[in-house]
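As numbered in UniProt numbering, residues 1 to 385 make up the sequence shown, in order.
Note that CB positions come from ideal geometry on N, CA and C, so glycine has one too.
Before any comments, here is the structure.
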Amino acid sequence: MADGDESSDELIHVFWHDGMLAHTNSSSYGVFDTLQDPGFLDVLEPHPENADRVRNMKSILQRGPISPYIRFHQGRAATQQELLYFHTPEYVQELIAAGKSGGKFLCSGTCLNVGSWEAALLAAGSTCKAMQHILDGHAKLAYALVRPPGHHAQPSHADGYCFLNNAGIAVHVALMSGYKRIAVIDIDVHYGNGTAEGFYERDDVLTVSLHMNHGSWGPSHPQTGQLDEVGRGKGIGFNLNIPLPNGSGDQGYEYAMEELVVPALGAFKPEMLVLVMGQDSSAFDPNGRQCITMEGYRKVAQIIRQQAELHTGGKVLVVQEGGYHLTYAAYCLHAALEGLLSLPQALLSDPIAYYPEDETFAVERVKQIKYQYNSLVQKARTSSS
Ligand SMILES: [Zn+2]
Numbered sequence: 001m002a003d004g005d006e007s008s009d010e011l012i013h014v015f016w017h018d019g020m021l022a023h024t025n026s027s028s029y030g031v032f033d034t035l036q037d038p039g040f041l042d043v044l045e046p047h048p049e050n051a052d053r054v055r056n057m058k059s060i061l062q063r064g065p066i067s068p069y070i071r072f073h074q075g076r077a078a079t080q081q082e083l084l085y086f087h088t089p090e091y092v093q094e095l096i097a098a099g100k101s102g103g104k105f106l107c108s109g110t111c112l113n114v115g116s117w118e119a120a121l122l123a124a125g126s127t128c129k130a131m132q133h134i135l136d137g138h139a140k141l142a143y144a145l146v147r148p149p150g151h152h153a154q155p156s157h158a159d160g161y162c163f164l165n166n167a168g169i170a171v172h173v174a175l176m177s178g179y180k181r182i183a184v185i186d187i188d189v190h191y192g193n194g195t196a197e198g199f200y201e202r203d204d205v206l207t208v209s210l211h212m213n214h215g216s217w218g219p220s221h222p223q224t225g226q227l228d229e230v231g232r233g234k235g236i237g238f239n240l241n242i243p244l245p246n247g248s249g250d251q252g253y254e255y256a257m258e259e260l261v262v263p264a265l266g267a268f269k270p271e272m273l274v275l276v277m278g279q280d281s282s283a284f285d286p287n288g289r290q291c292i293t294m295e296g297y298r299k300v301a302q303i304i305r306q307q308a309e310l311h312t313g314g315k316v317l318v319v320q321e322g323g324y325h326l327t328y329a330a331y332c333l334h335a336a337l338e339g340l341l342s343l344p345q346a347l348l349s350d351p352i353a354y355y356p357e358d359e360t361f362a363v364e365r366v367k368q369i370k371y372q373y374n375s376l377v378q379k380a381r382t383s384s385s
């Protein structure tokens, strides 16, 4: 790994630190992320958010056909001051205490163990460093390959395997360096509720989330991810939720990007784009039902790159979130970064693509969202004024 000043449109600068492998939600095995053994099964599985998933993401970038386009950089830990850009002091103190004692569940399936707090700091700091690399003009395309993930972490509490909102903290780094309008596009299969919450009352950060229609999942995740969560105060109209039906697939996502995300970016005119990426929208993810294939990830990332060329001078920060199939998440990452590079041909073929046939549901849903969002924003503005 080398910290070069190599600036090229043809490279993606990846920020990584081995210390992030030390985090574990639990060493015990169970049914999905419950970590419970009901006694029915001979073979239990590890927690889905484990170090192996990002090991494969790292190795496919090092040894896959995309490797000539990749430059690795050493990540770093976040400072306490950086955490406070997004999180409350009380919450940061709670995390520090939990990190010291170890074994503390902050909510269901979300636990700090020995090494976890250091890993969380490395994830947040490496994302800040990736953003700074772009801000300093060393790169246009940077990717924070980090864990634990961040997009469910809200200013004052943890949620869904997330402790610190890595992307949210990095957005503040850009705001503080003078950027006036930053757009965050979240394609993880779950609602990016933490990021939305952190910027819910701001009109200088547009948060957009495409997700399966999972709704609220308890006290750690009170947000519904529905269309009527449009922002608050001057933030009204600057949060766009795109809840999509299960099995929306490649065409459904491409349609939602073209019909909803592209016009939203056109109206907002961001100076910086942040792609919050989870490969748990893939066709084989244990935690997701959206059935995107490698081709879908490639296409979505191509659209993001086109939008970046249009609005941000080509600048995109990609931040890693979920993605739990050990093989396919890595393959979908490879495809997405190919799309971000706008390569004329695919470098890696899909080993297993399955294509659903019910995308018409997604198309109908996107049409409804397009029609309803503006009237919901109008209604929210009228009732808040
Ligand atoms: Zn997710």
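{"query": "Quick check on DSSP: helix, strand or coil for Thr207?", "result": "strand"}
{"query": "Return yes when the C-beta of Gly218 is under 7 Å from any heavy atom of ligand 1, and no when it is not.", "result": "no"}
{"query": "Any residue with its Cβ nearer than 6 Å to a heavy atom of ligand 1 should be included. What is that list in chain order?", "result": "Asp188, Val189, His190, Gly278, Asp280, Glu321, Gly322"}
{"query": "On the CB-based measure, 16 or more other CB atoms within 10 Å of its CB, does Asn165 come out buried or exposed?", "result": "buried"}
{"query": "Could you tell me whether the segment 323–332 touches the segment 274–293, using the rule of 3 or more Cβ pairs below 8 Å?", "result": "yes"}
{"query": "Leaving out five residues before and five after Pro222 in sequence, what residues of the same chain have Cβ atoms less than 6 Å from its Cβ?", "result": "Ser216"}
{"query": "Let me check understanding here. Comparing Cα to Cα, which of Gly288, His13, Val300, Pro243 lies closest to Arg365?", "result": "Pro243"}
{"query": "Determine the direct distance from the alpha carbon of Ala196 to that of Ile236, and round the result to whole angstroms.", "result": "12 Å"}
{"query": "Three or more C-beta pairs under 8 Å: does that hold for the segment 308–315 against the segment 130–144?", "result": "yes"}
{"query": "Can you tell me where the alpha helix (DSSP H) holding Met257 begins and where it ends?", "result": "Here Met257 belongs to no alpha helix (DSSP H), and DSSP marks it neither H nor E."}
{"query": "Just verifying my parser: in three-state terms, what is the DSSP assignment at Asn239?", "result": "strand"}
{"query": "Applying the 10 Å Cβ sphere with the 16-neighbour rule, what's the burial state of Ala380?", "result": "buried"}
{"query": "Inspect the CB distances between the segment 125–133 and the segment 142–161 and report whether three or more fall short of 8 Å.", "result": "yes"}
{"query": "Quick check on the DSSP output: the alpha helix (DSSP H) that includes Arg71 runs from which residue to which?", "result": "First-last for Arg71: 70–74, but that is the beta strand (DSSP E), not the alpha helix (DSSP H)."}
{"query": "Distance check for Pro219 and Met57, CA to CA, integer angstroms please.", "result": "32 Å"}
{"query": "If you follow the alpha helix (DSSP H) that Ile304 is in, where does it begin and where does it stop?", "result": "294–311"}
{"query": "Let me confirm a value: Gly102 is counted as buried when at least 16 other C-beta atoms fall within 10 Å, else exposed. Which label applies?", "result": "exposed"}
{"query": "Which runs of the alpha helix (DSSP H) at least 4 residues long sit entirely within the segment 16–65? Give them in chain order.", "result": "51–63"}
{"query": "Let me make sure I understand the geometry here. Which of Val319, Val14, Phe86, Gly249 has the alpha-carbon closest to that of Thr360?", "result": "Gly249"}
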